[in-house]
Structures are given as C-alpha cells and as structure tokens.
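The sequence shown lines up with residues -28 to -1, 1 to 418 when you count with mature numbering (1 follows the signal peptide of the UniProt record, and there is no 0).
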Amino acid sequence: MISRRKKVYGVMGLAVAMLVSVAPPVLAASTVTVYKDTTYQTIWGFGAAANHPVNELKTNFNAATQGAILDTLFRTDNSNAGLSIVRMEINPYTAAQDAVQTTFMPSSGVLDWNTDLHQRWFAQEAENRGMNQFYAVPWSPPGWMKTNGSPNNGGHLSTSQYDNFANYMKTYVDHYRNVFGFNIKWVSVQNEPDLTTPYASASYTTSELDQVGAKVADAIHSLNQGVLVGAPEGSNRTSSNNYMVNFSSTTRDKLDFVPVHDYSTYVDVNHFGKPLIATEVSDFQNTNDPSITDGLKWANMIAADLKRGERGWFYWWAVNPASSTTGEGLINLGANNTYTVNKRLYVMGQFSRYLRPDDTRILAASSDSNLVAIGGKNATGRSSVVIINNSASAITTTISGLTFANVSARRTSATEDLAKLTDIAVTGGAVTVTLPGKSVTSYVEY
C-alpha cells in the first residue's frame, strides 16, 4: 500500500513534469551586431534614370507639383528619399526623328548643344536639391554612325565610326561636365548591347564591344577628369559575364567598372576584379504595385547586391509616364497634376539616406533569419544600419557595436513613409528596438 505522503509527492512530481513538458521554449534574444572594423566596398550611391519620362514632368505639371515630386526624389530632409545618382541617356535622334531625345551631334562634325533640355532640366533640379552625381549611357549611337542608319532596331556601330564614336562620347562628357556643370562620374559604353529593340538600341558582338570599349575608355580617360568608364551593361548578368569572359585582357584592364542589370536570375560577375554597380531593374511586365510587399522585394534585392560587394543600385525610371500602368517608375505620373509615390521609392530612401556616397559598408550581422541588416559608416566613424523585417510579425532586437551617444531612425512600412521615429540613447554600446512586421528601418548614430 502506498502511503498518503508518497501519493502527494507523486502527484506533485507529475504536476512538475507536466509543467516542464508544456512550458514554451526559451528563445534566444534577437541581435544585430555592428562591426565597424570589418569593412567592405565604398558606396557610390542609389538612383534612377531620367530619360524621356522626365519631359512629361517638365511640360505637363505645374511648378508646385514638380517641386513636390523632385523634393521627394532628391532632398535628404523630412520623408524624402535622398537619391544620390541620376542615370542619363546620351540621346541618339535627330530633331526630325524625336524632338525630345535629340542628339548633340546630328551629323559628322556638327554640334548642337540646344538639346536634351528635359534631362538637363531634371539634372539641374536634382542638383538644386543637393544631388551631384551623374551616370551617362547611350541606348544607341546616332543613326549616321550605324550600319542600319537608324537609332532604332539594333544595327551595329559601323567599323569606320569606332574612333568617331569614342570622340563623340568624350565630347559629351567634357561638355556636360565643364560647360553645363553636371558631375558626370560614370560613363557606360552601351546600354544592353545584347538586345535589338524597336526603340533606341545597338547590337555589339563581343569582338565589336571589346574594340569599342577600349577606344571609349582611352578617349574619356584622356580628359584626365577622373571619369570612370564601364562595360558591358548587358540586359542581365549572364550577358555581362559572357562579354567580360571574352574581352581581351587589354580591354578589361582599361575598364574601371562593370555595370549590370538585375533582370533574370543571378549570375556571378564579381570575379573580374572590377567594381560592380547594378544600374537597372523594374517590374516592366506587370501592373504597378505601390505596396510595401513590392517595396520589400526591392529592399531585399538591394541588400543582396550590397552584400556581394556592389557599389550601388538603380531602379529604372524616376518617374513613370501617365500613359503607363506598369511598375517601371519610382513615382507614377497621372493626369491633372496627380501622381503616386510607390513604396519602392521610400524603401530605396531607407538605403540612400543612410548609406551616402563615399561611405564604407561594414558588417552588420543579424541573429534572426527574418531580419536582413546592412551596415555602413562615414569618414568620421559614424555608423548606420538598415534593417529589413521580412516577417509579418514585429520583432524586438538589440543593435550593438555602437560608439556614439544616440541614434535617430526612420522607417517605411505599410503605414509609414520614411517616418521619423523617436531618438534613442545608446546604453552600453547598444539600443533595443522593435521592428514592425514587413518594414524597413534605418538607424544612424550621432
């Protein structure tokens, strides 16, 4: 017979065992650790292309709406995105072919600098808001230089025009920098040389681009103005890699960087010893999605590219024409001075505002797979960290490795657009924060 005491102890033991068995597991606290001494690439910046849609902004919108759109794109105060690079097309058309995208060299030896008024207006407005870096690239040489006589429908640069084209590119860079005053820092030899399209395009075999790329690099480097020359800006990374693999070592040595487009699947183009920058991507095949779901897609792409050592990232158009319903722009223009700012712009701003040109990317390690962290620091050692919360739920995390007294922050979520958060005092080199589900939050020390 079991004594009453043993029965009681037995029941108590069973109860304890049951409590132990049903108690929830203790989860490790989420952390994001900033390592200021683990450094990677120099940041060049983040931006989008001007191209022909900015003419619609210039001509169809009143000054107040223009100003609001331009502020949102380029200013670095309030809830503005602070983009730091504008990608500009080197226009190929004669005035008779296209009164907007008109070349400065309509025929051999003839120069017309009363052209490209839309992009120059946009560039000046960006400069007025503190943006001072430009990336220039042709979609096609002028038709008179090509085998098909037209900027459109592919065609090749005529062999007899290789030197003229190199001088054409040099002339553009020199005039835009030293007469118009635009800081052209990067030049690409040709946009998507692997494609033939009904709009402006030019096709290059590997051998052709190998020769032309070297000539353009020599011509622009002869200006001694520190302008970087890049190629091949293929329509996807596979294309860029295939060109680079087959370029001569002489041409590869002359190129300063490799521009890549983020369409299609990822292929490694980081094995040539050249800086990379992602210069175009968009959702051009689908109806525009202005939501945070779309924004997070691009945020994760930006983070992945930066973690691979790339110097910056461009979306396709800064503004999408009112006639288009696709996801090709950061801002979609509408009728009667209306427009829609897509979450993808605010998400880009989470990077562009906090990873400024000439900052250095540093290691930011997250212990939670739902959190993607990108760190940076400026010349003074002040660090910033961008944290993507891909979970649908809020996550509390501790950011450590900080050396300043305070941090400020902004966040983009389904309900916030680069919204200013309350500053936090740093204690013991760390702050503990809660990140809402499906959000991007950026912190900077001060």
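We treat Cβ as the ideally placed atom computed from N, Cα and C, and that holds for glycine.
Gly102 places its beta carbon 8 Å or farther from that of Ile57. In the structure shown, Lys410 falls within a coil segment according to DSSP collapsed to helix, strand and coil. Here Trp289 carries a strand assignment [DSSP, helix/strand/coil]. In the three-state DSSP reduction, Ala250 falls in the strand class (E or B). DSSP, read as helix, strand or coil, puts Ser385 in coil. For Met60, the uninterrupted beta strand (DSSP E) run begins and ends at Ile57 to Ile62, by DSSP.
Using a Cβ distance threshold of 8 Å, Ala95 and Ala20 do not count as a contacting pair. Taking 4 residues as the minimum length, the alpha helix (DSSP H) runs contained wholly in the segment 196 to 279 are 209 to 218, 221 to 226 and 264 to 279, in order along the chain.
The beta carbon of Leu393 sits closer than 8 Å to those of Ser380, Ala381, Arg382, Arg383 and Thr413, all from its chain and outside the five residues before and after it, given in chain order. As DSSP reads the structure, Ser2 sits in a beta bridge with Thr369. The count of Cβ pairs closer than 8 Å, one atom from the segment 229 to 242 and one from the segment 308 to 326, stays below three, leaving the stretches out of contact. Rounded to whole angstroms, the Cβ separation of Pro114 and Pro293 is 24 Å, and the two are not in contact under 8 Å. DSSP, reduced to helix, strand and coil, places Arg354 outside both helices and strands of the structure shown, so it counts as coil.
In this structure, the straight-line span from the alpha carbon of Ala377 to that of Ala397 is close to 6 Å. The beta carbons of Ala172 and Ser112 sit about 4 Å from each other, so the pair counts as a contact at 8 Å.
In the displayed model, Phe33 falls within coil according to three-state DSSP, outside both helix and strand. Short of 6 Å from the beta carbon of Ala186, and not among the five residues preceding or following it, lie these beta carbons of its own chain, in chain order: Thr223 and Lys226.
Counting only runs of at least 4 residues, the segment 69 to 137 fully encloses the following alpha helix (DSSP H) elements, listed from N- to C-terminal order: 89 to 100. Per DSSP, reduced to three states, the secondary structure at Ala172 is strand. DSSP places Ile41 in the helix class (H, G or I) of the three-state scheme. Gly19: member of the beta strand (DSSP E) spanning Gly17 to Ala21, first to last residue. The beta carbon of Thr10 sits closer than 7 Å to those of Ile334 and Leu335, all from its chain and outside the five residues before and after it, given in chain order. Counting only residues of its own chain and dropping the five nearest sequence neighbours on each side, Asn258 has a CB closer than 8 Å to the CB of Thr298 and Gly299. If the five residues before and after Ala138 are omitted, its C-beta is found closer than 6 Å to the C-beta atoms of Lys187, Val188 and Ala191, all from its own chain and listed in chain order. Two segments are said to touch when three or more pairs of C-beta atoms, one from each, lie closer than 8 Å; by this definition the segment 279 to 291 does not touch the segment 356 to 363. Of the candidates Asn155, Tyr215 and Tyr238, Asn155 places its Cα closest to the Cα of Arg59.
CA-CA distance, Asp88 to Pro247, rounds to 29 Å. Relative to Tyr415, the option among Gly347, Gly400, Ala364 and Ala366 whose CA is nearest is Gly347. Each residue's CA atom was taken as its position, placing Trp85 and Thr370 some 55 Å apart. For Val184, the enclosing alpha helix (DSSP H) has its first and last residue at Thr178 to His193. A distance below 8 Å separates the beta carbons of Ala391 and Ser51. Taking Gln162 as reference, the option from Val109, Ala345, Asn124 and Asn27 with the minimal CA-CA separation is Val109. Going by DSSP, Tyr311 is part of the beta strand (DSSP E) stretching over Tyr311 to Val313.
Within the same chain, and ignoring the five residues on either side of Leu327 in sequence, the residues whose Cβ sits closer than 6 Å to its Cβ are Ile15 and Gly348. Where Arg333 is concerned, the enclosing beta strand (DSSP E) starts and stops at Thr332 to Ser338.
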